[in-house]
Amino acid sequence: MNPNFDLAKAEQVMRATHAEVRNLRQRMGLSQAELAELMGVTEYTVWRWEHGGNRASGRKDEGKNRIGLPETKLLRKIYEERVGVSRKHGAA
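Counting from 1456, one number per residue, gives the positions in the sequence shown under my numbering.
Shown next as structure tokens:
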């Protein structure tokens, strides 16, 4: 194993940004409510994913600019199934 490999950093990069969540949802032609139903979350949760959640603290935290890894994987799987395009082949 590479001693310089940082699993936490790799997982951070793999997580979807707020802009990606919105972009994928819009490319699938889904409303926030429809995506929420597919993912088993509330519409408000999708809204928070797209808008960065609570930024009242004013702190810059890269982790807060991305959704969780499990949610990212599910979102991308739904996208690939609905659109029929893999990220490996140039999708967002």
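By construction, the Cβ of each residue, glycine as well, lies at the ideal position given by its N, Cα and C atoms.
#### Entry: Counted within 10 angstroms of its Cβ, other Cβ atoms place TYR1534 as buried (16 or more) or exposed
Of the residues assessed, TYR1534 falls on the buried side of the cut-off, its CB having 16 or more other CB atoms within 10 angstroms.
(message) Which same chain residues end up closer than 7 Å to TRP1504 when comparing Cβ atoms and leaving out the 5 residues on each side of it in sequence?
(response) HIS1473, VAL1476 and ILE1522
For LEU1485 and MET1469, what's the separation of their Cα atoms in angstroms? 23 Å
**Q.** Span separating the alpha-carbon of HIS1506 from that of PRO1525
**A.** 19 Å
Quiz prompt | Alpha-carbon spacing of THR1414 relative to ALA1491, whole angstroms | solution = One cannot answer for residue 1414 here, as it falls past the ends of the chain, which runs 1456 to 1547.
- prompt: What do you get for ALA1471, buried or exposed, if any count of 16 or more other CB atoms within 10 angstroms of its CB means buried?
  reply: buried
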